[in-house]
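Undergrad: Just so you know, the protein sequences line up as chains A and B, in that order.
Numbering of the first sequence is given in the working numbering, commencing with residue 458 and proceeding in unit increments.
Numbering of the second sequence is given in the working numbering, commencing with residue 153 and proceeding in unit increments.
A virtual CB, placed ideally from N, CA and C, is assigned to each residue, including glycine.
Here it is: the structure, laid out below.
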Amino acid sequence: MSLFSALQSGASGLFSASRGLDVTAHNVANANTPGFTRRSVALGTANPIQNGAMWIGQGVEMQGVIRPSDSLLGVRTLTTAGATASAMTLHQELSNVEHWFDESMSQGPRLAMSAFFDALGDATLDPSDPSSRTAVLHAAANLSATISDTTQGLTQSQSDLSERMENALPAINQVLQEVASLNEQIANAGGSVTAGDLADQRDLLLRQLSEELGTTVSFDAAGEATVFLSGHALVEGGHANKLSFNATEDGEPRLGVDIGENSTMDITDSLGGRLGGFRDARATIGSYVEDLNEFTTSFATSINDTLGGGYDTEGNPGEPLFSWDPANPGASLSINDAIDGQPQLLAFAASADAEAGDAGNLEALISIEESATVDGRPPGEFLSSLTNRVGMDIATAASNADRNAASLSDMDAISQSLRGVDMDQEAMHLMEWQTAYQAAAKVLEVVDESIGVLMELP
Amino acid sequence: MSRISASPLITLTTSSSNIDRLREQAEAAQTTAMTGLSVSRPSDAPGQWTLIHGLTSAVADQERFGQTAGLAVPLLQTAESALGEAFDLVSRAKELAVQASSDTLPVEQRDALAAEVDALLGQLINVANSDHAGRHVFAGSAYDGLAFDETGTYVGSDEVPSAQAGQNLWIETGFTGDTFFATAIHELSGLADAVVDPTDPSASTAAFLDTLDDALHDITSARTTVGLTMQRAEDALTASESLQLSLAQQLDQTIGADPVEAYTRLAETQAAYEAALQVTSSTMGMNLFSFMR
Chain A
458 MSLFSALQSG ASGLFSASRG LDVTAHNVAN ANTPGFTRRS VALGTANPIQ NGAMWIGQGV
518 EMQGVIRPSD SLLGVRTLTT AGATASAMTL HQELSNVEHW FDESMSQGPR LAMSAFFDAL
578 GDATLDPSDP SSRTAVLHAA ANLSATISDT TQGLTQSQSD LSERMENALP AINQVLQEVA
638 SLNEQIANAG GSVTAGDLAD QRDLLLRQLS EELGTTVSFD AAGEATVFLS GHALVEGGHA
698 NKLSFNATED GEPRLGVDIG ENSTMDITDS LGGRLGGFRD ARATIGSYVE DLNEFTTSFA
758 TSINDTLGGG YDTEGNPGEP LFSWDPANPG ASLSINDAID GQPQLLAFAA SADAEAGDAG
818 NLEALISIEE SATVDGRPPG EFLSSLTNRV GMDIATAASN ADRNAASLSD MDAISQSLRG
878 VDMDQEAMHL MEWQTAYQAA AKVLEVVDES IGVLMELP
Chain B
153 MSRISASPLI TLTTSSSNID RLREQAEAAQ TTAMTGLSVS RPSDAPGQWT LIHGLTSAVA
213 DQERFGQTAG LAVPLLQTAE SALGEAFDLV SRAKELAVQA SSDTLPVEQR DALAAEVDAL
273 LGQLINVANS DHAGRHVFAG SAYDGLAFDE TGTYVGSDEV PSAQAGQNLW IETGFTGDTF
333 FATAIHELSG LADAVVDPTD PSASTAAFLD TLDDALHDIT SARTTVGLTM QRAEDALTAS
393 ESLQLSLAQQ LDQTIGADPV EAYTRLAETQ AAYEAALQVT SSTMGMNLFS FMR
């Protein structure tokens, strides 16, 4: 045993304190880096040496840099992130179309329909009055424009959602490829510090994938991540399967994953995350369009048929008031060109004599408001029911989004408590390593002086 | 046990999320205070839109019913006034018939009476053609034309026009003058000839006394009919005003916001939002590094 052993122990302390400072500095520097996982230094005593009957310690040994992780928590967080992104997207997209049903300013379909019947009711006082008839035509034009604009707006939103799904794919395929590449790099890096930084990068990308597609992940012993979407592997080791976009004849977006040999597997129904939210929002908005189409066909047919049974001011059989394309009823609803601007053609009279006060057919038109003409319900009740459904869908989506976001926030907090950089703790580590460094330096100084004393002996 | 972390990332995320939520609440409170409406979008009151739409439509309906009833009243007043005049004219004709039924009446006076009866007939036809703003109230549904021509023949419609003044209430806004005035016109026309009947004017005239009573009875019945219709119109007007007020109050209770509550809520949410901003700003930069020398 010599003083040189103490010198060695002091040097090991100096070295480990220096590495501790390095790691602390790395943590502080990356405190705001998204996805960064804090590191800590693992120390152990160096193997002692035997000196006669005694075992003398040889200082400290740095055993590695630790990156804390909890794979179960990570998987749960990813699942929740996907569900949250899906719920928030659905809420956002449904909220974007809510204004079409804003009835508070008398702009929505339901109140436009009421205004039409109000105009018919006003006309009962003097069915021959041109101004009353013109008011009926204006109210009908406003109703058809409201239904048409609403349906077109909703259909446009559906197209936008399909387009956004398609546009999202190149970036998602890029991320899948990057995850596969990082898998390879991590496997090649073994347990090095580099592997930790790569894992941080991959965790970020996995989170991104989960938020986009609702994917789940499993990790193998080598640290490679396999990315799944409802049992279909999108990334396996260093290989990523490409996603592709197709649309059905009626414009419904379909996503497929490449499974080799020029074939793809449809994964649209398995989608979660933002794209799943797009899919759900598109389907929900589509159901609103279907309702408006049904309303248009039933209501406008009923009005036109009733008018056909009456007579205009000249005693001629009534012209239809509304026209539409059967393939696209709501969006194409408009006033019949033959009657537009010609209020005298409105067939309010029940008799071909067409006396000025003959409101027989006008009464029949008014009675449609209370008749079960649309899906077995009065037209107003049908439209109110649609508004109710829109409100209910958005409120439910908001509630789901809030609940999932709260859950994700909790998980992120737990994850950060495990992985995040705590500045107070790092400040303490800094002081701890500084003190350790100073102490180790002092040991070296004392040993050096002691050796110096020995060297100066005559 | 989880580690309590002062990670700047989680602090930032949590603070940002809280501030976002408070800002949304403040904006919602601002909208409510500005519009006076607690319900402005379907999602504000899911499940209540059948009620809200029903109330909104009902308020508009009652306003319309009130307007219709209000416009029907002057038409009916014109009809009632005309029938009053007609009653007076026929009553005067009966007085003349009584005078003319006397055996001692000189020929000159008979001629004068005949002329007055002729004049009364002309006035009666005019009254039967009464109009309100060009609308002939006794011409039935053909109110854009005269009810009677100059000979006293009914040329109006047999259909009665009516207007909607309630959900299931239709009020007549015109009448078929034929049933009201036909007897009176016919009798006055005959009376004018009978008064100057060259064979036995007294007896001829006396024969009209009973039929003139029938004509007066017809007019009295018509006045009752018109009076009842006007009563219904006035009742409809009163009911619509009352219902409109009541329904508007119900609608306001359903979608309206209490101003005091709205402004209090606005002040609360704004204060909470500002406090959250201040707290975030003062805590974000605070950690042990700040105290190291």
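Just curious, the beta strand (DSSP E) that threonine 672 of chain A is in, first and last residue?
TA: Note, threonine 672 of chain A: premise wrong, no beta strand (DSSP E); not H, not E.
Undergrad: Kindly list the residues whose CB is nearer than 7 Å to the CB of leucine 611 of chain A, restricted to its own chain and excluding five residues on each side of it in sequence; keep chain order.
TA: Val554, Trp557, Ile742, Tyr745 and Val746
Undergrad: Distance check for threonine 763 of chain A and serine 616 of chain A, CA to CA, integer angstroms please.
TA: 36 Å
Undergrad: May I have the straight-line CA-CA distance separating arginine 533 of chain A from leucine 547 of chain A, to the nearest angstrom?
TA: Straight across, the Cα-Cα distance linking arginine 533 of chain A with leucine 547 of chain A is about 21 Å.
Undergrad: For a test of the three-state rule: what should DSSP assign to threonine 163 of chain B, helix, strand or coil?
TA: helix
Undergrad: Per DSSP, which residues does proline 786 of chain A bridge with? Please list them.
TA: Bridge partners of proline 786 of chain A: none, in fact.
Undergrad: Give the interface partners of histidine 338 of chain B over in chain A, defined as CB-CB distance under 8 Å, in chain order.
TA: Proximity of chain A to histidine 338 of chain B at the Cβ level (cut-off 8 Å) is not reached, the minimal Cβ distance being about 24 Å.
Undergrad: Kindly say whether alanine 486 of chain A, judged by its beta-carbon, lies nearer than 7 Å to any beta-carbon of chain B.
TA: Chain B contact via Cβ: absent.
Undergrad: Using the Cα positions of alanine 315 of chain B and threonine 305 of chain B, report the straight-line distance between them to the nearest angstrom.
TA: About 27 Å.
Undergrad: So does the region 843 to 861 of chain A actually touch the region 534 to 541 of chain A, counting three or more Cβ pairs closer than 8 Å?
TA: yes
Undergrad: Where does methionine 722 of chain A sit, in a helix, a strand or coil, going by DSSP?
TA: Residue state, collapsed to three classes: strand.
Undergrad: Would you say serine 209 of chain B faces chain A, with C-beta separation under 7 Å as the test?
TA: It does; some Cβ of chain A falls within 7 Å.
Undergrad: Per DSSP, what are the beta-bridge partners of glutamine 507 of chain A in this structure?
TA: A:Trp512
Undergrad: Go to proline 710 of chain A, then tell me how far its alpha helix (DSSP H) extends in each direction, as first and last residue.
TA: It is not in any alpha helix (DSSP H) - proline 710 of chain A instead sits in the beta strand (DSSP E) that spans 710 to 715.
Undergrad: Between which residues of its own chain and glycine 814 of chain A is the CB-CB distance below 8 Å, once the five residues before and five after are set aside?
TA: Asp583, Pro584 and Ser585
Undergrad: Quick one: using the 10 Å Cβ neighbour count with 16 as the cut-off for buried, is serine 614 of chain A buried or exposed?
TA: buried
Undergrad: So glycine 837 of chain A packs on serine 571 of chain A, CB below 8 Å; how close in whole Å?
TA: 7 Å
Undergrad: Using only alpha-carbon positions, find the residue among A:Glu913, A:Leu732, A:Asn785 and A:Leu865 that is nearest to threonine 672 of chain A.
TA: A:Leu732
Undergrad: In terms of DSSP beta bridges, what is isoleucine 323 of chain B paired with?
TA: B:Ala315
Undergrad: Give the interface partners of tyrosine 450 of chain B over in chain A, defined as CB-CB distance under 7 Å, in chain order.
TA: Because chain B is modelled from 153 through 445, residue 450 of chain B falls outside the range shown and cannot be assessed.
Undergrad: If contact is defined by three or more beta carbon pairs under 8 Å, each pair taking one atom from either stretch, is the region 420 to 432 of chain B in contact with the region 238 to 249 of chain B?
TA: no
Undergrad: With H, G and I counted as helix, E and B as strand and the rest as coil, what does DSSP make of glutamine 229 of chain B?
TA: helix
Undergrad: Between A:Ala690, A:Gly578 and A:Ala704, which has its C-alpha nearest asparagine 698 of chain A's C-alpha?
TA: The shortest C-alpha separation from asparagine 698 of chain A is found at A:Ala690.
Undergrad: So, threonine 481 of chain A versus glutamate 902 of chain A, is the Cβ gap smaller than 7 Å?
TA: It is not a contact, given that the beta carbons lie outside the stated cut-off.
Undergrad: Where do the ends of the beta strand (DSSP E) carrying glutamine 882 of chain A lie?
TA: Element bounds for glutamine 882 of chain A: not the beta strand (DSSP E) but the alpha helix (DSSP H), 880 to 912.
Undergrad: Compare the C-beta of serine 195 of chain B against all C-beta atoms of chain A and say whether one is closer than 7 Å.
TA: Closer than 7 Å: yes.
Undergrad: Who are the neighbours of alanine 315 of chain B on chain A, taking C-beta pairs under 7 Å?
TA: Thr581 and Leu582
Undergrad: Once the 5 residues before and after glycine 222 of chain B are set aside, which same chain residues still bring their CB inside 7 Å of it?
TA: Taking glycine 222 of chain B as the centre and dropping the five residues before and after it, the same chain places the C-beta of Leu389 closer than 7 Å to its C-beta, in chain order.
Undergrad: Label leucine 471 of chain A either buried or exposed according to how many other C-beta atoms from any shown protein chain fall within 10 Å of its C-beta, with 16 as the threshold for buried.
TA: buried
Undergrad: Bridge partners for alanine 521 of chain A per DSSP, in chain order?
TA: The identity of residue 521 of chain A in the sequence shown is glycine, whereas the question assumes alanine. BP columns for glycine 521 of chain A point to A:Ala499.
Undergrad: Could you tell me which chain A residues have their CB closer than 9 Å to the CB of asparagine 114 of chain B, listed as they occur along the chain?
TA: Here chain B covers residues 153 to 445 and nothing more, so residue 114 of chain B does not appear.
Undergrad: What does the Cβ neighbour count give for glutamine 396 of chain B, buried or exposed, with the cut at 16 atoms within 10 Å?
TA: buried
Undergrad: With distances taken Cα to Cα, identify the nearest neighbour of asparagine 439 of chain B among A:Met880, A:Ser866, A:Val714 and A:Asn773.
TA: A:Met880
Undergrad: Would you list, in chain order, the members of the region 538 to 549 of chain A that have their beta-carbon closer than 9 Å to a beta-carbon of chain B?
TA: none
Undergrad: Between glycine 329 of chain B and aspartate 310 of chain B, how many whole angstroms is the CB-CB distance? I'm expecting something under 8 Å.
TA: In fact, because the Cβ distance is near 11 Å, the residues do not count as touching under 8 Å.
Undergrad: Out of B:Ala358, B:Gln401 and B:Leu298, point me to the one whose CA is closest to glutamate 812 of chain A's CA.
TA: B:Leu298
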